[in-house]
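Residue numbers (full-length UniProt numbering): 1 to 535.
We treat Cβ as the ideally placed atom computed from N, Cα and C, and that holds for glycine.
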């Protein structure tokens, strides 16, 4: 008698062990036994398996008839729901065939081999792009630089492709490559301007990076990842440390890099909502460090542009946190010496706050007047423009309170010996909102205004300033002629009193000097009484 030894394993990797005869599967995967049986017992085993299969089929059919296999229980007396009729339209058949084809194609060995080769190719490209080229080293090969640019473009096309997402196994290597290329020590400032003598054109402060052909593509890759991948997936790679490193790159002197940084940083703020509070605090730290310590930072204008869009989305009424940001961060930025480089963006942010809550206008105007420059004429010119814009947005109920301090400052500016400051202050009178504010407090502001106008007409050295002053004087005289002449008379009285006091002061000093000279003369010749006392 011939015996056969059968050993059956239960390993998951060998789960297809069994015997299949005429469509009957004899599955021994649940057994971990060693059978020793004669050969003539095999037909009996096959018949038993066939009998068990028939019994199992009959049981399943009976359950279906009784509604046991239904997902939703029904009452016994309810009629049986009719089976859902399958769609037999031509489009349905096409879609079904397409799904079956795609599933078979993806699961085919040829397709799997193609995916593996693409993975290896992209992994090789990412690894090669970790090599850094400075474009200043003469030993660097131009062909290798061009090869890296081609591989970066290959990675960029993969990231931007809408057909398939970035492989989860490639993502860590991709983020390492991005960090390696972007986070680098920046060169020292190439321009040595004094803070006070900063040029009006920001392009004169720019210095272009020679490695930009590679950096530009890396920024595009990072932007594509931020836009195409869910923030929850990228959260493990774009963390607080990554964001702080991005923020430090805003000190780059290359305006092209700062523009790309601004776009990426703003997109991260928009999509990664769980990082917004941290990003706002980090940007505030940069502003405060610039205001109170360094006073030199190339990316303040770019960060303020991001803040402009953020402020534009604030809900009304404003939160206390946002008001504190206005008072403690934005307003002190006016005292920095390089204000003219980012004043346009700063003025937009401040005016956005005032537009949302006009009641803040009075506080903002007083704070700006507090930081008014004394010797920096460029800052005076830009601040006059900001005050003019704020007057257009503040609450008219605050006009009377702000009229006197504003008109006093504008009058000092129009009498400035710097012709640019004087002309800019005189152009303010073309603003309708400013004129309305003056009309609210004519009696308070006219004495100051009339004195400034008359002083300019008599003593200013610039002919153009005197002509503009004459035009403004005629407008004020037409607005309130009686009040103007009354203020003019009062000014003449004050000037005559001032001249009289000056003459009296001069006479007193002359008498003091004569008395001092007489006393000195007496010491030299000696008085008789003093001589007799000595004898």
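- Query: What is the rounded straight-line gap between the Cα of residue 44 and the Cα of residue 166?
  - Reply: Along the chain shown, read from residue 1 onward, the residue named residue 44 stands at position 44. Along the chain shown, read from residue 1 onward, the residue named residue 166 stands at position 166. Summary for residue 44: the model assigns pLDDT 46, below 50, so the residue's position carries little reliability, and this model does not support an answer.
- Given 8 angstroms, three or more beta-carbon pairs between the region 416–428 and the region 367–380: yes
- Does the Cβ-Cβ distance between residue 258 and residue 269 come in under 8 angstroms? Walking along the chain shown from the start, residue 258 turns up at place 258. Walking along the chain shown from the start, residue 269 turns up at place 269. No, the pair does not count as a contact, with Cβ atoms beyond the cut-off.
- Message: Quick check on DSSP: helix, strand or coil for residue 439?
- Response: The count along the chain shown starts at 1 and reaches residue 439 at position 439. Reduced to three states, the DSSP call for residue 439 is helix.
- Pick out whichever of 462, 350 and 505 has its Cα sitting closest to the Cα of residue 421. Within the chain shown, numbered from 1, the residue matching residue 421 stands at position 421. Per the Cα distances, 462.
- Message: Please state the DSSP three-state secondary structure of residue 278.
- Response: Translated into positions along the chain shown, residue 278 becomes position 278. The answer is helix: DSSP assigns residue 278 an H, G or I state.
- Closest by C-alpha distance to residue 465, when choosing among 344, 266 and 427: For the purposes of this step, residue 465 is identified with residue 465 of the chain shown, where counting begins at 1. Nearest C-alpha to residue 465: 427.
- Query: Taking Cβ positions, are residue 387 and residue 351 nearer each other than 8 angstroms?
  - Reply: Taking the first residue of the chain shown as position 1, residue 387 is located at position 387. Taking the first residue of the chain shown as position 1, residue 351 is located at position 351. Going by C-beta atoms, residue 387 is not nearer than 8 angstroms to residue 351.
- Message: With distance defined between alpha-carbon atoms, name the residue in 177, 206, 469 and 189 nearest to residue 219.
- Response: On the chain shown, position 219 is the one that residue 219 refers to. Ranking 177, 206, 469 and 189 by Cα distance to residue 219 puts 177 first.
- Item | Span separating the alpha-carbon of residue 265 from that of residue 295 | Walking along the chain shown from the start, residue 265 turns up at place 265. Walking along the chain shown from the start, residue 295 turns up at place 295. Their backbone Cα atoms lie some 23 angstroms apart in a straight line.
- Message: For residue 227, count the other beta carbons within 10 Å of its own beta carbon; 16 or more makes it buried, fewer makes it exposed. Which is it?
- Response: Position 227 of the chain shown, counted from the first residue, corresponds to residue 227. The residue in question, residue 227, is exposed, as its Cβ has fewer than 16 Cβ neighbours within 10 Å.
- Would you kindly work out how many angstroms separate the C-alpha atoms of residue 453 and residue 503, rounded to a whole number? Position 453 of the chain shown, counting from 1, holds the residue named residue 453. Position 503 of the chain shown, counting from 1, holds the residue named residue 503. For residue 453 and residue 503, the distance between alpha carbons rounds to 26 angstroms.
- Reduced DSSP category for residue 315 - H, G, I as helix; E, B as strand; rest coil: Start at 1 with the first residue of the chain shown, and residue 315 comes out as number 315. Of the three classes helix, strand and coil, the one that applies to residue 315 here is coil, per DSSP.
- Query: Taking the alpha carbon of residue 262 as the point to measure from, which residue in 126, 229, 292 and 310 has its own alpha carbon closest?
  - Reply: Along the chain shown, read from residue 1 onward, the residue named residue 262 stands at position 262. Checked all of 126, 229, 292 and 310; the closest Cα to residue 262 is 310.
- Query: Under a Cβ-count criterion, where at least 16 other Cβ atoms within 10 Å of its own Cβ denotes burial, should residue 409 be classed as buried or exposed?
  - Reply: Here residue 409 corresponds to residue number 409 of the chain shown, with the count starting at 1. Result: buried.
- Query: Using a Cβ-Cβ cut-off of 6 angstroms (strictly less than) and excluding sequence neighbours within five positions of residue 173, which residues of its own chain qualify?
  - Reply: For the purposes of this step, residue 173 is identified with residue 173 of the chain shown, where counting begins at 1. Hits under 6 angstroms: 126.
- Task: Please classify residue 379: does DSSP put it in a helix, a strand, or coil?
- Result: Here residue 379 refers to the residue found at position 379 of the chain shown. In this structure, residue 379 counts as helix in the three-state DSSP scheme.
- In or out: residue 424 buried (at least 16 other Cβ within 10 Å) or exposed? Position 424 of the chain shown holds residue 424. The residue is buried, with at least 16 neighbouring Cβ atoms inside 10 Å.
- List the endpoints of the continuous alpha helix (DSSP H) containing residue 421. For the purposes of this step, residue 421 is taken as residue 421 along the chain shown, with counting starting at 1. First-last of the alpha helix (DSSP H) with residue 421: 419–427.
- Could you tell me the boundaries of the alpha helix (DSSP H) in which residue 372 lies? By 1-based counting over the chain shown, the position of residue 372 is 372. Here residue 372 belongs to no alpha helix (DSSP H), and DSSP marks it neither H nor E.
- Query: Exposed or buried, what is residue 446 when buried is set at 16 or more other beta-carbons lying within 10 Å of its beta-carbon?
  - Reply: Here residue 446 refers to the residue found at position 446 when the chain shown is read from its first residue. Counting Cβ neighbours within 10 Å, residue 446 comes out buried, since at least 16 surround it.
- Coarse secondary structure for residue 291, derived from DSSP in three states: As a working note, residue 291 is residue 291 in the chain shown. Helix.
- Item | Contacts around residue 223, its chain only, beta-carbon distance under 6 angstroms, and the 5 residues preceding and following it disregarded | Residue mapping note: residue 223 aligns to position 223 of the chain shown, counting from 1. 264, listed in sequence order.
- Item | Cβ neighbour criterion (16 or more within 10 Å) applied to residue 253 | To locate residue 253, count along the chain shown from 1; it is residue 253. Its Cβ being crowded by 16 or more others within 10 Å, residue 253 is buried.
- Message: Taking only three categories from DSSP, how would you classify residue 223?
- Response: The residue labelled residue 223 in the question sits at position 223 within the chain shown. Residue 223: helix per DSSP, three-state reduction.
- Message: I'd like to know whether the C-beta atoms of residue 217 and residue 328 end up nearer to each other than 8 angstroms.
- Response: Within the chain shown, the letter at position 217 stands for residue 217. Within the chain shown, the letter at position 328 stands for residue 328. Going by C-beta atoms, residue 217 is not nearer than 8 angstroms to residue 328.
- Quick one, which of 489, 128, 500 and 429 has its alpha-carbon nearest residue 469's? As a first step, residue 469 must be located in the chain shown, where it is residue number 469. Per the Cα distances, 429.
- Item | Cα-Cα separation, residue 145 to residue 241 | The sequence position of residue 145 within the chain shown is 145, counting from 1. The sequence position of residue 241 within the chain shown is 241, counting from 1. Answer to the nearest angstrom: the Cα atoms are 29 angstroms apart.
- Burial state of residue 151, where buried means 16 or more other Cβ atoms lie within 10 Å: Locating residue 151 in the chain shown gives position 151, where the first residue counts as 1. So residue 151 ends up on the buried side.
- By Cβ distance, which residues of its chain are closer than 6 angstroms to residue 283, with the 5 residues on each side in sequence left out? Within the chain shown, residue 283 is the residue found at index 283, counting from 1. Closer than 6 angstroms at the Cβ level, and outside the excluded window around residue 283, lie 303.
- Element boundaries [alpha helix (DSSP H), containing residue 336]: Reading the chain shown from its first residue, position 336 is the one you call residue 336. Unbroken run through residue 336: none, as it is neither H nor E.
- Query: For residue 388, does the three-state DSSP call read helix, strand or coil?
  - Reply: As a first step, residue 388 is located in the chain shown; it is residue number 388 there, counting from the start. Looking at residue 388 - three-state DSSP - the assignment turns out to be helix.
- Message: Let's test the definition: count the other Cβ atoms within 10 Å of the Cβ of residue 121 and tell me whether it reaches 16, buried, or not, exposed.
- Response: Here the question's residue 121 lines up with position 121 in the chain shown. So residue 121 counts as exposed.
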